[in-house]
Amino acid sequence: MVAHGPPDSLDVVATALVIENDPTDDPRRLGEWLTEAGLELRVLRPYAGDELPADLDGYAALVVLGGEQHPYPQPDGTPGAPWFPALEGLLRKAVRHRVPTLGICLGGQLLATAHAGEVMRSPSGPEVGPCVVGKRDAAETDPLFRYVPLIPDVLQWHVDEITELPRGATLLAASTRYPHQAFRMGDRAWGFQFHIECDTAMIADWATDSALLARLGYDPEMVVAACDAVMVDLEEVWQPFAARFAALALGELDDDKPRTTLPLLGH
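Counting from 1, position 216 in the sequence shown corresponds to residue 216 in UniProt numbering; the numbering is continuous, with no gaps.
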């Protein structure tokens, strides 16, 4: 079940607060995976006037999605979006109070900037389309990432880059040109530079009249087709990850259990 707008009550035990920063990037497949795993979603859209809560009391998890905004201040010093200072405050509270948290692309960048990491226009240029990232050694002891394949498929669509991780962050995945692809803050907050929530329709919407693709000289139809070709592979990796994240939020993830008892695709 997905609810929209500020909650009337929080009598549902396991509700994940989802912050949708941009109308073009909704929870989509990630939302389906989380609800299938037992979480209810409360989606707030601050760009449409929804106010962010002062804290995360009553929420079992926090998910922060992507968007076209920049996580760093504009040239005049104003934030990339009016609600970003409050959102960064929520991300700091989530880490401090050990609320399971997942930041996707812009959301991951905001998790970094909220903890004094650095994000800037990527010196390596934009990254668009399907690719793979490589797990780092620290991922082998991570409660969620340890079960991700060594070189998982991901989708990329970003012009900004996390260039410096926050102090104390644990790097979990990297790539040659973009060294900070996934990281963890504390023991329950994960930030991704890449996307796992997209379906083909979302990618097609992004590709339509895309100034970014035009600037790169990419054929939009070819980009959409390339992304569509890896959707099954993405689900095989990230649906179980989402299920384990939900299990952590529900208090059901026992990392001492053998691997075969963890949530698997289709279960």
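All C-beta atoms, glycine included, are put in the ideal place defined by N, C-alpha and C.
All figures in this text were calculated on a predicted structure; none of them were measured in a lab.
#1: For a test of the three-state rule: what should DSSP assign to Glu51, helix, strand or coil?
#2: With Pro166 and His115 assumed to form a contact (beta carbons below 8 angstroms), what rounded beta-carbon distance in angstroms separates them?
#3: Could you check whether the stretch 89-99 touches the stretch 134-149, counting it as contact only if at least three pairs of C-beta atoms, one from each stretch, sit closer than 8 angstroms?
#4: Starting from Cys227 and walking both ways along the alpha helix (DSSP H), at which residues does that stretch end?
#5: If you draw a straight line from the alpha carbon of residue 270 to that of Glu161, how long is it in whole angstroms?
#6: Rank Arg29, Asp142, Pro126 by C-alpha distance to the C-alpha of Leu65 and give the top, closest one.
#7: Apply the 10 Å Cβ neighbour rule to Leu106 and answer buried if 16 or more other Cβ atoms are within range, or exposed otherwise.
#8: Can you name the residues that DSSP bridges to Gly191?
#9: Taking only three categories from DSSP, how would you classify Ile203?
#10: The beta strand (DSSP E) that contains Gly129, what's its start and end?
#11: Give the straight-line distance between the Cα atoms of Gly103 and Trp190, rounded to the nearest whole angstrom.
#12: Give me the Cα-Cα distance between Gly217 and Trp206, rounded to the nearest whole angstrom.
#13: With a CB to CB cut of under 8 angstroms and the five nearest residues on each side skipped, what residues in its chain are close to Thr208?
#14: Look up Val237 in the DSSP assignment and give the residues it is bridged to.
#15: Would the stretch 121-129 and the stretch 150-159 be scored as touching if the rule is three or more Cβ pairs under 8 angstroms?
#16: Tell me, please, which residues DSSP counts as bridged to Gln109.
#17: Can you tell me whether Leu216 is helix, strand or coil according to DSSP?
#18: Let me know the secondary structure DSSP gives residue 314 once reduced to three states.
#19: Going by C-alpha distance, which of Glu36, Val132, Ala48 is nearest Thr176?
#20: Quick check on the DSSP output: the alpha helix (DSSP H) that includes Glu36 runs from which residue to which?
#21: Is the beta carbon of Asp142 sitting closer than 8 angstroms to the one on Leu172?
#22: Do Ala14 and Glu40 come within 8 angstroms of each other at the CB atom, strictly closer than that value?
#23: In angstroms, rounded to a whole number, what distance separates the CA positions of Ala182 and Asp233?
#24: Three-state secondary structure (DSSP) at Gly80?
So, to answer that:
#1: Along the sequence shown, one-based indexing puts residue 51 at 51. Glu51: coil per DSSP, three-state reduction.
#2: The residue you call residue 166 lines up with position 166 of the sequence shown. The residue you call residue 115 lines up with position 115 of the sequence shown. Pro166 to His115, Cβ: 4 angstroms. Contact.
#3: no
#4: Here residue 227 refers to the residue found at position 227 when the sequence shown is read from its first residue. Residues 220-229.
#5: A question about residue 270 goes unanswered here, because the residues of the chain that appear run from 1 up to 267.
#6: The count along the sequence shown starts at 1 and reaches residue 65 at position 65. For the residues Arg29, Asp142, Pro126, the minimum Cα distance to Leu65 belongs to Arg29.
#7: To locate residue 106, count along the sequence shown from 1; it is residue 106. Looking at its Cβ environment, which holds 16 or more other Cβ atoms inside 10 Å, Leu106 is buried.
#8: Position 191 of the sequence shown, counted from the start, is the residue given in the question as residue 191. Answer is Gly103, Phe183, bridged to Gly191.
#9: The count along the sequence shown starts at 1 and reaches residue 203 at position 203. Ile203 falls in the helix class under three-state DSSP.
#10: As a working note, residue 129 is residue 129 in the sequence shown. Residues 127-132.
#11: Within the sequence shown, numbered from 1, the residue matching residue 103 stands at position 103. Within the sequence shown, numbered from 1, the residue matching residue 190 stands at position 190. Those two C-alpha atoms are separated by around 6 angstroms.
#12: Numbered from its first residue, the sequence shown carries residue 217 at position 217. Numbered from its first residue, the sequence shown carries residue 206 at position 206. If I take the Cα positions, the gap works out to 15 angstroms.
#13: Taking the sequence shown and counting its residues from 1, the one referred to as residue 208 is at position 208. The residues are Pro220.
#14: For the purposes of this step, residue 237 is taken as residue 237 along the sequence shown, with counting starting at 1. Looking at the DSSP assignment, Val237 forms no beta bridge with any residue, so it has no partner.
#15: yes
#16: For the purposes of this step, residue 109 is taken as residue 109 along the sequence shown, with counting starting at 1. Note: Gln109 sits in no beta bridge, so no partner.
#17: If you number the sequence shown from 1, residue 216 lands on position 216. Leu216 falls in the helix class under three-state DSSP.
#18: Because the chain in this structure spans residues 1 to 267, residue 314 falls outside the shown range and cannot be described.
#19: Counting from 1 along the sequence shown, the entry for residue 176 is found at position 176. The residue with the shortest Cα to Cα distance from Thr176 is Val132.
#20: The residue given as residue 36 occupies position 36 in the sequence shown. Here the alpha helix (DSSP H) through Glu36 covers 28-36.
#21: Reading the sequence shown from its first residue, position 142 is the one you call residue 142. Reading the sequence shown from its first residue, position 172 is the one you call residue 172. Closer than 8 angstroms, so yes.
#22: Stepping through the sequence shown from its first residue, residue 40 is reached at position 40. Stepping through the sequence shown from its first residue, residue 14 is reached at position 14. For Glu40 and Ala14, yes; Cβs fall inside 8 angstroms.
#23: The residue labelled residue 182 in the question sits at position 182 within the sequence shown. The residue labelled residue 233 in the question sits at position 233 within the sequence shown. One C-alpha to the other measures close to 18 angstroms.
#24: If you number the sequence shown from 1, residue 80 lands on position 80. The answer is coil: DSSP assigns Gly80 none of H, G, I, E or B.
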